[in-house]
Amino acid sequence: MSQPDFSHDGARTARGTAFRYLFMLCALLSILTTVAIVATLLVDAVDFFSDVSFVEFLTGTRWSPTNEPVSFGVLPLISGTLVITVGAALVALPIGLLTAIYLSEYASERQRSYLKPALEVLAGVPTVVYGYFALVYVTPALDAFLPLSTFNALSASIMVGIMIIPMVSSISEDAMSAVPDSLRQASYGLGATKFTVSTSVVVPAALSGIFSSFILALSRAIGETMIVAIAAGQTPRLIDVTDPAGLFLNSIQTMTAAMVQIGTGDLVGQGPAYKSLFAVGLTLFVITFVMNLISEFVASRYREVYR
Amino acid sequence: MAADTSEAADSEFGRVSRTKDTAFRLLALAATLVGIVSLAALLANVSVDAVGWLDWDFLTSPPHPDPYEAGFLPALVGSIAIMLLIALITFPLGVGAAIYLEEYAGDGYLTKFIELNIANLAGVPSVVYGLLGLGLFVTLLDLGYGTIFVAAFTVALLILPIVIISAQEAIRSVPDSQRQASYGMGATKWQTIRNVVLPRAMPGIMTGTILALGRAIGETAPLIMIAAPTTVFGVPNSFLSKVSAMPLQIYNWSSYPETEFQYGVVAAGVVTLLVVLLSINSVAILIRNRYQQDGS
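Chains A and B supply the protein sequences, listed in that same order. Residues 1 to 307 (full-length UniProt numbering) make up the first sequence, in order. Residues 1 to 296 (full-length UniProt numbering) make up the second sequence, in order.
Written as structure tokens, this is what we have:
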């Protein structure tokens, strides 16, 4: 506050104070939401871990919550999530970064005014629609030249990748726009082309913002649910390093898809399968939460450098 | 240019670089367009497939196992009912929180903590919000599996961070000189917020809230977790009715193996959902454009 604060509550102090606390309650509701999420997940997850040991959950290699013999090893689900995330990253990170470079360094003001809203549309399409597209259009199209299963990780991860392109491009572009023009001018002065300026000056200078966008986008890919539930199938599968192609060509199951599968079943009771929902949900929440915090931390560092 | 000797490359430094420069420019442009073009192709495909299926009967009939009889009405009405309730919940809470953070709170640790918390909430996967709804509203508060109330509260919590962040931006864009003028006239803080800040910020707040509602109408995973039925045959008649929604019905139909469903009924559902979404976003953009013309 650089200007003097002339605000006052006047004669109606009681009313002014009442509104202040009312608005404060609204703001505190967000903290309450976080507390409620953590509490909800913890209560049932702790309950779950009294039936199934924590070690068995984290190191078990078989996920079969409803079919006898039941087994709650989360590793196959983490494997599935990893496959989708790697696939989506291969699509979205290079494309998103190149998009950001184009928008920040090459595009005219007029081009930007068309391209940026068009890119935002990619993030605005409901994920259930992307899942449907992956299942009925992308898979049959790729099936023409690849031995694909009906449900496969490949088309799902391509779709997740397309969905997160705008997250990478918009945050990276913000970081690149924050790079001072004097750095570009200095490079041009030395005879550099736009390519050299973009790749050797702007990208390194904006690196922390770019990393921040990568982490945030991958966190979104990990939490993505409907695309993988519809198009990637429901087959929990451990990563087989000897056959990387097979992972993408066949059906897998991510943590989120496993939650949907249990959620769509008739689980009115309080059995271990129901409680395992919360254990998987807690795992997912912790992973994405840590990634979001890292992204926030990295991003706040670049803000300090250039602003 | 790998075949060039180093001297030749050196003497043609400028030309080689310019070739590379043009190639890179085109590569970057191609990358920018690839997502947009893919989506456009998919949308064209689904629109063509929906022709002949998306008609008045489809919009006014209940779901049916026979693809030629199947309709979208309960899901359409359900989605709209959920969305209206979400608007009623998120608008006052979101604006209230934004007013507190922008007008009342200082720059202390509590404010920073609340803002970091809101940013993090915006990144929590939607399926986890579904578990919150299941654990809190269904199990603890016993509001019933898959009712309009539970669906609306769950998705409202999900979009609240987006509403708060956009309302904060709208309030921040009101020039401080206007607040000072109001105080100078002897107005209290609340009078200033009500008569000066909110009217100026309202178009921005409305735009942000409506865009967030567009996000809400496409959410599927939270509704699955609170056990909203994927197929409902009657139109909901109270807030405690079990409710389906457009994305949920689409999810359900997409698992039907018949071609008539996969390339017909579901396509019609998808196009309906996208048209509703487009209408919502157009309203938001109309409000924004009008405000930009009026604004000083």
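All C-beta atoms in this analysis are idealised placements derived from N, C-alpha and C, irrespective of residue type, glycine included.
Exclusion of the five residues before and after B:D57 leaves G71 as the residues of its chain whose Cβ lies within less than 8 Å of its Cβ. Residues of chain A whose Cβ lies closer than 7 Å to the Cβ of B:K20 are, in chain order, F195.
When CB distances to chain B are screened at a threshold of 9 Å, the residues of the segment 121 to 133 of chain A falling below it are V121, L122, G124, V125, P126, T127, V128, V129, Y130, G131, Y132, F133, in chain order.
Non-local beta-carbon contacts of B:V265 in its own chain, meaning distances under 7 Å to residues more than five positions away in sequence, involve W53, P67, A70, W253 in chain order. Under the DSSP assignment, A:S182 falls in the alpha helix (DSSP H) whose first and last residues are 181 to 189. In the DSSP assignment, A:T264 falls within the alpha helix (DSSP H) that extends over 255 to 264. In terms of Cα proximity to B:G214, the closest of B:A122, B:S79, B:L140 is B:S79. Within the segment 219 to 246 of chain A, contact with chain B at the beta-carbon level (separation under 7 Å) is assigned to S219, G223, T225, M226, I230. Interface flag for B:P67 against chain A is unset, since no Cβ pair is found closer than 8 Å. Interface criterion met: the Cβ of B:L136 is under 8 Å from a Cβ in chain A. The segment 133 to 144 of chain B makes no contact with the segment 203 to 219 of chain B: fewer than 3 CB pairs, one atom from each, lie closer than 8 Å. Check the Cα spacing between A:D44 and each of A:L282, A:V290, A:F297: the tightest is with A:L282. Chain B places a beta carbon closer than 8 Å to that of A:I95, counting this residue as a contact. Beta-carbon to beta-carbon, A:I171 and A:G209 are separated by about 6 Å, close enough to satisfy the 8 Å threshold.
Taking 8 Å as the threshold, the shortest C-beta distance from A:T99 to chain B falls below it. One finds N120, G123, V124 in chain B with Cβ atoms closer than 9 Å to the Cβ of A:F289, taken in chain order. Interface with chain B (8 Å Cβ-Cβ cutoff): A:A27 is included.
Looking from the CA of A:A175, the closest CA among A:E105, A:S155, A:R237 belongs to A:E105. For the set B:V48, B:V77, B:D49, B:A87, the Cα lying nearest the Cα of B:L59 is the one of B:V77.
Counting every other CB atom within 10 Å of its CB across the protein chains shown gives B:L141 a total below 16, marking it as exposed. Counting C-beta pairs with one atom in each stretch, the segment 152 to 159 of chain B and the segment 180 to 189 of chain B have fewer than three that are closer than 8 Å, which means they do not touch. Close to B:Y291, with beta-carbon spacing below 9 Å, lies no residue of chain A; the smallest spacing is near 17 Å.
Each residue's CA atom was taken as its position, placing A:G271 and A:P65 some 10 Å apart. Sequence-distant partners of A:S149 (beyond 5 residues in either direction) whose C-beta falls short of 6 Å from its own C-beta, in its chain, are N250, S251.
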